[in-house]
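All remarks here apply to the structure that follows.
Numbering (our numbering), first residue to last: 100 to 306.
Encoded structure:
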């Protein structure tokens, strides 16, 4: 949507930072071994340029609307190989084997899923022991912040017009309840983003 284009441009640094965080959490990785990555809600492939070298990607998306953009983006980034595309909801990833992924990537997807707990359970299932769940999401302000009231006011209309997206979910709390061995999360509040979209959380959960 055109109305989201300014937001997309402003969150680009956070996409880049998210993958820097991922690299920091893979200090002993052997570059000769492909990194098995699953990205849920791949869309048009906005993250591909930030993937680590020698990534082997399994892409998952229930919506084929952006498939042409994804196919175009694939051609631009030779450091990524492509294993398969799975047409599925993230709540039930039957096409992905247990303990098969080194990394699962989520950027601005959990905000729109119907059952966040089911997605988190599936993410944990498909990760290898010690695997990483990288997430980047817009999140809720602390309850005491004025922004929390703004988000609560804007949330119903935002959900209606933007494909079920929920402005004020508390992702880190739910991920911490998901049984991961460790969860690290940093939240930024960039002043150039709309107030109700401002809190940006980047995190890594380790199985």
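No residue lacks a Cβ here, since even glycine has one placed at the ideal position from N, Cα and C. Computed from a predicted structure; not experimentally measured.
- Shortest Cα-Cα distance from residue 283 to any of 274, 145 and 115 involves 274.
- Taking 9 Å as the cut-off, the beta carbon of residue 198 is found closer than this to the beta carbon of residue 227.
- Residue 293 and residue 210 have their C-alpha atoms some 17 Å from each other.
- Classified as exposed, residue 178 has fewer than 16 neighbouring CB atoms from the shown chains inside 10 Å of its CB.
- Membership of residue 201 in the beta strand (DSSP E) is indicated by the continuous run 200 to 206.
- If the five residues before and after residue 286 are omitted, its C-beta is found closer than 6 Å to the C-beta atoms of 298 and 300, all from its own chain and listed in chain order.
- Collapsing the DSSP output to three states places residue 164 in a helix.
- The beta-bridge partner set that DSSP reports for residue 231 consists of 202 and 305.
- Taking 8 Å as the upper bound for CB-CB distance, residue 155 and residue 182 are in contact here, some 5 Å apart.
- Secondary structure at residue 189: coil, using DSSP grouped into helix, strand and coil.
- If you draw a straight line from the Cα of residue 139 to the Cα of residue 225, it is about 12 Å long.
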